[in-house]
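Participant:
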Amino acid sequence: MAVKLNERAYKHAKRLIEEGKFIDDEREAWSDHHPSTQIEEEFIEKNGLFEYGKWFLGINDEYSEDRKRHYELPYGDFDKVHRCSILAAQSRASQSKDFDVENAAADLRGVIDKQARE
60 MAVKLNERAY KHAKRLIEEG KFIDDEREAW SDHHPSTQIE EEFIEKNGLF EYGKWFLGIN
120 DEYSEDRKRH YELPYGDFDK VHRCSILAAQ SRASQSKDFD VENAAADLRG VIDKQARE
């Protein structure tokens with residue numbers, strides 16, 4: 060099943076970027092910057108799955124909203140948006156032909172690139 064765009068996450072990411080809460084890094088950096096499972100679990104325990112879901116551009120309806128697996132394609136570390144995660148999400152969405160997610164990631168990358176130049 061195709062992954063759908065998580066509009067709530069897209070808007071959250073765009074707002075964070077516009078507020079300057081992003082890291083302008085390269086694609087390879089995501090393996091180092093990606094939150095660990097322990098950090099994810101601590102975030103969920105403190106903030107709940109609703110807030111957790113705001114950090115993922117994709118929604119997989121094969122899983123219910125009360126499951127972590129419902130959310131796919133992370134774009135940040137629960138504090139800031141990472142350009143490297145946006146690049147990874149865009150690439151994965153392109154490979155799986157999830158065009159709404161791919162286009163949203165491309166837009167977010169463009170906003171980061173513009174903000175980084177200012």
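Here the sequence shown is numbered in our numbering, starting from 60 and rising by one per residue.
Just so it is clear, CB atoms sit at the ideal spot from N, CA and C, and this is done for glycine as well.
Which value, in whole angstroms, describes the spacing of the CA atoms of Glu148 and Glu121?
Facilitator: Residue 148 sits at position 89 when you count from the first residue of the sequence shown. Residue 121 sits at position 62 when you count from the first residue of the sequence shown. Sequence inspection shows Ala at residue 148; the Glu mentioned does not correspond to that position. Approximately 19 Å between the Cα atoms of the pair.
Participant: Alpha carbon to alpha carbon, how far is Gly117 from Leu64? Give it in angstroms, no decimals.
Facilitator: Counted from its first residue, the sequence shown places residue 64 at position 5. Counted from its first residue, the sequence shown places residue 117 at position 58. Computed Cα separation, rounded: 5 Å.
Participant: Look at the alpha carbon of Ser123 and the alpha carbon of Ile76, and state the distance between them as a whole number of angstroms.
Facilitator: Working through the sequence shown from its first residue, we reach residue 123 at position 64. Working through the sequence shown from its first residue, we reach residue 76 at position 17. Ser123 and Ile76: Cα-Cα distance of roughly 29 Å.
Participant: Among residues of its own chain, excluding the 5 on either side of Ile98, which ones have a beta-carbon nearer than 6 Å to its beta-carbon?
Facilitator: What you label residue 98 is simply residue 39 of the sequence shown in a count that begins at 1. Nothing meets the Cβ criterion.
Participant: Alpha carbon to alpha carbon, how far is Val140 from Ala72? Give it in angstroms, no decimals.
Facilitator: As a first step, residue 72 must be located in the sequence shown, where it is residue number 13. As a first step, residue 140 must be located in the sequence shown, where it is residue number 81. One C-alpha to the other measures close to 7 Å.
Participant: Whole angstroms are fine: how far does the CA of Leu108 sit from the CA of Phe115?
Facilitator: Here residue 115 refers to the residue found at position 56 when the sequence shown is read from its first residue. Here residue 108 refers to the residue found at position 49 when the sequence shown is read from its first residue. Phe115 and Leu108: Cα-Cα distance of roughly 11 Å.
Participant: For chain B, is any of its Cβ atoms less than 7 Å away from the one on Glu161?
Facilitator: Checking the listed chains, one finds no chain B in this structure; it contains a single protein chain.
Participant: What separation, rounded to the nearest whole angstrom, lies between the Cα atoms of Arg67 and Asp91?
Facilitator: Here residue 67 corresponds to residue number 8 of the sequence shown, with the count starting at 1. Here residue 91 corresponds to residue number 32 of the sequence shown, with the count starting at 1. Near 26 Å, if we compare the C-alpha coordinates of Asp91 and Arg67.
Participant: Tell me where the alpha helix (DSSP H) around Gly107 begins and ends.
Facilitator: In the sequence shown, the residue the question calls residue 107 occupies position 48. It spans Thr96 to Gly112 - the alpha helix (DSSP H) in which Gly107 sits, taken as one unbroken run.
Participant: Going by the beta-carbon positions, is the gap between Cys143 and Arg74 smaller than 7 Å?
Facilitator: For this step, residue 143 is matched to residue 84 along the sequence shown. For this step, residue 74 is matched to residue 15 along the sequence shown. Taking 7 Å as the Cβ cut-off, Cys143 and Arg74 do not qualify as a contacting pair.
Participant: Would you call Lys113 buried or exposed, if buried means 16 or more other Cβ atoms sit within 10 Å of its Cβ?
Facilitator: Looking up residue 113 in the sequence shown gives position 54. Per the 10 Å Cβ criterion, buried.
Participant: Residues in its own chain within less than 6 Å of Ala175 by CB, not counting five upstream and five downstream?
Facilitator: Counting from one through the sequence shown, the residue named residue 175 turns up at place 116. Contacts found: Asp83.
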